[in-house]
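**Student:**
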Amino acid sequence: MVSRVIPVDPFDLVIFGGTGDLAKRKVIPALFRRYCAGQMPEGARIIGAARSEHDAEEYREFAAESIREFSPGRGCEDGTLEGFLSRLDYVTIDAMGEDGWEELASKMTEDRVRAFYFSVGPGLFGALADKIHAHGMATPEARIVVEKPFGNDLATAKELNATLATHFDEGQIYRIDHYLGKETVQNLMAVRFGNMLFEPLWNSQYVDHIQITVAETVGVGGRGEYYDKSGAMRDMMQNHLMQLLCLIAMEPPARFEPDAVRDEKLKVIRALGDVLPHHLVRGQYDADADHPSYREAVDNPRSKTESYVALKTHINNWRWAGTPFYLRTGKRLKARSSVINVMFKDTPHSIFGEEAGRHANVLSIRLQPNEGITLQVTIKEPGPGGMRLIDVPLDMTFAEALGEEGGDPPDAYERLIMDVIRGNQTLFMRGDEVEAAWAWTDPIIAGWEARGDVPKPYDSGSTGPRDAELLLLRDKREWRGITP
Ligand code: BG6
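As numbered in the working numbering, the sequence shown has no gaps in its residue numbers, which increase by one up to the final residue, 471.
#1: Can methionine 229 be considered in contact with the ligand MN, in the sense that its beta carbon sits closer than 7 Å to one or more heavy atoms?
#2: Touch check for the segment 300 to 307 and the segment 240 to 258: three-plus C-beta pairs under 8 Å?
#3: State yes or no: is the C-beta of leucine 9 within less than 8 Å of the C-beta of glutamate 134?
#4: At the level of alpha carbons, what is the spacing between glutamate 283 and serine 58?
#5: Tell me which same chain residues have a C-beta within less than 7 Å of the C-beta of arginine 464, skipping the five on either side of it?
#6: Quick one: Cα of methionine 383 to Cα of alanine 347, how far?
#7: Shorter than 7 Å, the distance from the beta carbon of histidine 278 to the closest heavy atom of the ligand BG6, or not?
#8: Out of curiosity, what's the CA-to-CA distance linking serine 217 and valine -5?
#9: If distances are taken between C-alpha atoms only, which option among Lys254, Gly138 and Ser294 comes closest to tryptophan 305?
#10: To which residues of the same chain is glutamate 45 closer than 8 Å at the C-beta, ignoring the five residues directly before and after it?
#11: Distance, Cα to Cα, proline 442 vs aspartate 273?
#12: Quick check on serine 475: does DSSP put it in helix, strand or coil?
#13: If glycine 270 and glycine 439 are in contact, beta carbons under 8 Å, what's the gap, nearest whole angstrom?
#14: Closer than 7 Å: is that where the CB of methionine 224 sits relative to any heavy atom of the ligand BG6?
#15: For the ligand BG6, any of its heavy atoms closer than 7 Å to the Cβ of histidine 336?
#16: Using the C-alpha atoms, what's the distance from lysine 367 back to tryptophan 425?
#17: Specify the secondary structure class of glycine 5 as computed by DSSP and reduced to three states.
#18: Only counting runs of 4 or more residues, tell me where the alpha helix (DSSP H) segments fall wholly within the segment 358 to 412, in order along the chain.
#19: Taking a contact to mean a Cβ-Cβ separation below 8 Å, would you say isoleucine 353 touches threonine 200 in this structure?
#20: In whole angstroms, give me the CA-to-CA distance for valine 14 and alanine 31.
#21: Can you check the segment 5 to 75 for any beta strand (DSSP E) of at least 3 residues that lies completely inside it and give the ranges in chain order?
#22: Should lysine 135 be counted as a contact of the ligand BG6 given a C-beta to heavy atom distance under 7 Å?
#23: Out of curiosity, what's the CA-to-CA distance linking isoleucine 160 and alanine 241?
#24: Which word fits serine 53, buried or exposed, when buried means at least 16 other C-beta atoms lie within 10 angstroms of its C-beta?
#25: Does the Cβ of glutamate 293 have 16 or more other Cβ atoms within 10 Å, making it buried, or fewer, making it exposed?
#26: Within the same chain, show all residues whose beta-carbon is closer than 6 Å to that of aspartate 204, passing over the 5 residues directly before and after it, in chain order.
#27: How many Å lie between valine -11 and glycine 209 at the Cα?
#28: From which residue to which residue does the beta strand (DSSP E) around aspartate 454 run?
#29: Beta-carbon separation of asparagine 148 and glutamate 422 under 8 Å?
#30: Which residue marks the beginning of the beta strand (DSSP E) containing methionine 330, and which one marks its end?
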């Protein structure tokens, strides 16, 4: 299968925090792969900007190393690296002072898309926005790209939105949630709205409940300082799992266009019910033979921050009233596995008698790894001797169905950065969406803080705390396994 590359016009992309971790691991390798794919037109330029003193040559060396480390051998011909590096430039800049700004402004090309990637802490967003404006770079073609964490609660998210709005319209602000750039997450919409099969059943009349699991095997690694102030609720639930929930639950937008899609997602977030204290489980991983415990990893022996969270919620609208949504995410779990399970109801009556057994249909959408879709269907157990029913998977692994291309989907950042250049905001969060997500999250966090809840310990390599199992068992349900 040949992938279609849609050309874009020449652009200037400035990466603030150009020598930082995100630029190194994600942004530069993603740009390189788009270059290899032939999507970076002649004249497109990438300008790293950071406080450290470098010249353009040193920055190219930094980029070359980042590509060698984080994008090894991704189908690029010999010589392409040099071609890509020749597009790179660097400016030493002081976000809070005047150094470097005139130089940066002089490097901008007139009348073309200019994207400013804020790959820096939110504390600098305001200063950067002011400087871009003060130096005449905030033209109508300017776009700014910001990463999570977008605030720490509703109040700080509102402040950030207000800060950015001083110099930029909502149509120029691209808030990244990299889950939206994942190929399979976009597939959620294709599956739901590109097939007649599912949509008529997609409601509380036919769906018993929905499970969303984002399980990771990694721990907090070297990010302890950030993570211990954040926890799984702020780091994953408020954004990535919320986005998955929206895509699974939203009404069909009239068109696949930015505001049509985001309006529908916003309605889902606003219809979310409160999460009762006994519908919430927080956990913290223990040490195992090879890894430190969460508290050791963040160097805070008394930490009450959760590395795992599971909860039950409802969407209070016509389509979903009565269908619970169970969401869980955690670190140091048994396997890396992100999957959405749509659990259908039992058939209303078994013509074969209860002794034949009954199996409800399950639609599993595997987001990563082993991306694909499985539909669990009931058939007759082979052989003579009566009618016994078993369930078997109708399985589609994208790698098999799509060949090479399905097995090696582009990284989320490739898609998202190119969407910024194209000016397509469909896969970016709108300001009101982020605020609504915090408005739902804040009281949950305030609740456990007021109660003084301490997260439950769980074994590294397990499926999480036992209480999370009970959350479903109490409802006579069970989590699907966490398997790679
Ligand atoms: C990030 C979180 O947003 O997403 C990390 O800050 C998490 O804690 C990561 O590990 C997971 O992303 P992915 O793409 O590896 O599933």
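All C-beta atoms in this analysis are idealised placements derived from N, C-alpha and C, irrespective of residue type, glycine included.
**Tutor:** In short, the structure shows the following:
#1: The ligand MN is not part of the structure shown, which contains the ligand BG6 as its ligands.
#2: yes
#3: yes
#4: 32 Å
#5: His196
#6: 19 Å
#7: no
#8: 37 Å
#9: Lys254
#10: Tyr77
#11: 11 Å
#12: Look at the range of the chain in this structure, -12 to 471, and you will see that residue 475 is not part of it.
#13: Not quite, the Cβ-Cβ distance comes to about 16 Å (not below 8 Å), so this is no contact.
#14: no
#15: no
#16: 48 Å
#17: coil
#18: 385 to 389, 391 to 394 and 399 to 409
#19: The identity of residue 353 in the sequence shown is arginine, whereas the question assumes isoleucine. Their beta carbons are not under 8 Å apart, which means arginine 353 does not touch threonine 200 by this criterion.
#20: 15 Å
#21: 32 to 37
#22: yes
#23: 23 Å
#24: buried
#25: buried
#26: A small correction: the amino acid at residue 204 is threonine; aspartate does not occupy that position in the sequence shown. These residues qualify, in order along the chain: Arg323.
#27: Caution applies to valine -11, whose pLDDT of 46 falls short of 50 and renders its modelled position unreliable; the value that the coordinates give is listed next. Near 39 Å, if we compare the C-alpha coordinates of glycine 209 and valine -11.
#28: Looking at the DSSP string, aspartate 454 is not in any beta strand (DSSP E); the run it does join, the alpha helix (DSSP H), is 453 to 460.
#29: yes
#30: 324 to 331
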